[in-house]
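Protein sequence lines, in the order shown, are assigned to chains A and B. So the first sequence is numbered by this note's numbering: it starts at 2 and just counts up by one. So the second sequence is numbered by this note's numbering: it starts at 28 and just counts up by one. We put the beta carbon where it would ideally sit given N, CA and C, even for glycine. Scroll down for the structure; my scribbles are underneath it.
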Amino acid sequence: PSERASEARSERRCARAVRGPARGGAAAGGARGAGTGPASGRAARRRARARGTERTRSAMALRIVNAKHGITCHAWSPDRKRIAVCENSEKVIIYLNADQDKVNWIKEHELAAHDLVVSAIDWSPVHNKIVTCSHDRNAFVWTYSQGTWKASMAILRINRAALDVKWSPDGSKFAVASGAKVVPVCHYEGANDWWISKMIKKHKSTVTSVAWHPSSQLLATGSTDFRCRVFSAFINDIDHSTNTVFGDTGRTRFGDLLLEFEACNGWVEDVAWSPSGSTLAYIGHDSSVNFVSMANGSPQVQTLKSRDLPNSKVFFLSDNVVVAAGHSFNPEIYQNASGSWSFLGNLNQKGSGAGGMAKKAVSNFSSARNLWSNKISRGQDTNNGSDDLWTLHHNAITDLKAFDQPQSRTISSFSTSGLDGRLVVWRPADLKKVSGLHL
Amino acid sequence: EDDEEEEQQQQQQQPQVERMGEAAEVQARQREVAGLLQHGKHREAVKAALQNPPLGSHDQAVKDMNTEVVLNAICSASDSEIDKIVADLYHNSSPDLCDTLVKYIYKGLADRKYCGVLLKWHASAVNMAGLGPVVRAMTDRKTV
């Protein structure tokens, strides 16, 4: 704890030096880790309030959780009061007070059952269970009872790392994307009190991500064999057949390949369904975002090539708005206006006060520090480091989760976490800054 | 890997006519670009050279010939014209041309030809079109 406190203090000193005098709530709320020094934090807030520039809850909130190790993945509890975070280790830590900006997070629980880094966490609003999967080829389902979280191992039967896990919207199953070229879909078997898996095969390479259709019976997968596929995940004992855009799910068998898309020239990094289930989006490592619309019976694919680095995660905010975030440290917004998708803009805009840094207030210490760290990390000789990192995230964004209440149809606030150890919650006020956006 | 084997088998069964068609197309492009360069029309020469590259062709000779044509057009433009030509490509033509341009820049750099000039083109292209084309040049399985 003392180490983290001194780290937080030095971060704040540098942040304030580089950003100039505290600019409202952004600086005061910005450089805070666990265990902040109370005096300086309060003084900064008092100054900010006096100047009348303190940010209210309507603007984005940044929290530095673990700048040293980064955040691999995170998941919010259904009431959004708690957050489960993996800080690039085998443990998942649950923090309390996660929804409040100016309050310290309290470390509540530590879920330690895995042997290798936890690659994905999902927290279902239906039954409040957490599922975690890890590179150690295992997945655990955690249930909260009598004040602690108890783990129950899911038998996945894979011989490679698990990369992604998602609960189905109705909470009865979860799917795991693995490097073993199969997707185990697990459901609970009460007779033996365990989670048992059925395999979806037919992939030619690692499956990087999975996404459930709102009906909980269709599964879209993205894989490093450059294809995005849609499978039926209809399990006889659990599901009731429903009508979807693909017809009656009761007529399909588990693991049937319904659609396959090849529009991508790179690995498919992430897949997402729209809230109504009529559109599918998948992003590729060739910096492209592909939208598949099922509206007219046969699937129509539209590919948009982005001008920045590839994205890692894609998410639908509503049926017509998509946010994608990744290696360019900045979430991108795409909107569907009158049938075709287009790129609207980046969420983090330079000079809009959202983490912008004042160039004139660079002190000698921070400029020297930047010079050497840039030389090591990016091979740059000049001290332009403070100009380059004007975005809120200083490293790749690796996870993106909705922050609005689980039942909302359109999501107007979401959180991103990245390898820089920062968690940023983007709120409606930030979305309003993107011109032309209609949620 | 299975896909590549299948593709190779299909390619072998492909009639000779199609492959000769590719070579003929490249030669026609070569003549067109040479003509434009003679008249000093560098912008049109670059645009014409970048059309329809033989992506993923199995004939290495055709690819090499096309690379020559493109690099010729690129390197005969003077330094002051580079920015204008790239801006014209990005704004007025299809975005695929910028992707193709960056692919050929990397091909030339890999073959260690005209590196100085190509680096200037690279800086200009990244300035105009961002890092997207660079990522696509690296991830596209069908190479120029």
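Buried or exposed for residue 423 of chain A, please, with buried defined as at least 16 other CB atoms from any protein chain shown within 10 angstroms of its CB.
buried
Residues of the stretch 156-167 of chain B with a CB closer than 7 Å to any CB of chain A: list them in chain order, please.
156, 157, 158, 159, 162, 163, 166, 167
Does the separation of the CB atoms of residue 142 of chain A and residue 155 of chain A fall below 7 Å?
yes
When you compare only the Cα positions, how much space is there between residue 57 of chain B and residue 96 of chain B?
6 Å
When DSSP builds the beta bridges, which residues end up paired with residue 408 of chain A?
In DSSP, residue 408 of chain A forms no bridge with anything.
Sub-7 Å separation of residue 72 of chain B and residue 60 of chain B beta-carbons:
yes
Between residue 148 of chain A and chain B, is the shortest Cβ-Cβ distance under 7 Å, so that the two count as touching?
no
Quick one: residues in its chain with C-beta nearer than 6 Å to the C-beta of residue 442 of chain A, no 5 flanking neighbours on either side, listed in chain order?
Examination of residue 442 of chain A is not possible in this model, given that chain A is present from 2 through 440 alone.
Residues bridged to residue 285 of chain A [DSSP beta-bridge criterion]
A:269, A:289
Own chain partners of residue 109 of chain A with C-beta closer than 6 Å, once the 5 adjacent residues on each side are dropped
95, 97
On the three-pair Cβ rule with 8 Å, is the stretch 295-311 of chain A touching the stretch 326-343 of chain A?
yes
For a test of the three-state rule: what should DSSP assign to residue 222 of chain A, helix, strand or coil?
strand
Buried/exposed call for residue 107 of chain A, threshold 16 Cβ in 10 Å:
exposed
Does the Cβ of residue 146 of chain B have 16 or more other Cβ atoms within 10 Å, making it buried, or fewer, making it exposed?
exposed
Apart from the five residues on each side of it in sequence, which residues of its chain come closer than 6 Å, Cβ to Cβ, to residue 111 of chain A?
92, 94
Based on the DSSP output, what are the partners of residue 167 of chain A in its beta bridges?
A:176
Proximal chain A residues relative to residue 122 of chain B, where beta-carbon distance stays under 8 Å:
306
Starting from residue 195 of chain A, trace the alpha helix (DSSP H) in both directions and tell me its first and last residue.
It is not in any alpha helix (DSSP H) - residue 195 of chain A instead sits in the beta strand (DSSP E) that spans 195-201.
At a CB-CB cut-off below 8 Å, which residues of chain B make contact with residue 286 of chain A?
162, 166
Determine, using beta carbons only, whether residue 266 of chain A comes closer than 7 Å to chain B.
yes
In chain order, what residues of the stretch 300-330 of chain A put their CB closer than 7 Å to some CB of chain B?
306, 307, 308, 309, 310, 311
Residue 163 of chain B versus residue 426 of chain A: straight-line alpha-carbon distance, rounded:
30 Å
Hey, how far is the Cα of residue 181 of chain A from the Cα of residue 206 of chain A?
8 Å
For chain A, check one thing: does any of its Cβ atoms lie closer than 7 Å to the Cβ of residue 154 of chain B?
no
Continuous alpha helix (DSSP H) assignments of at least 4 residues falling wholly in the stretch 42-73 of chain B
43-65
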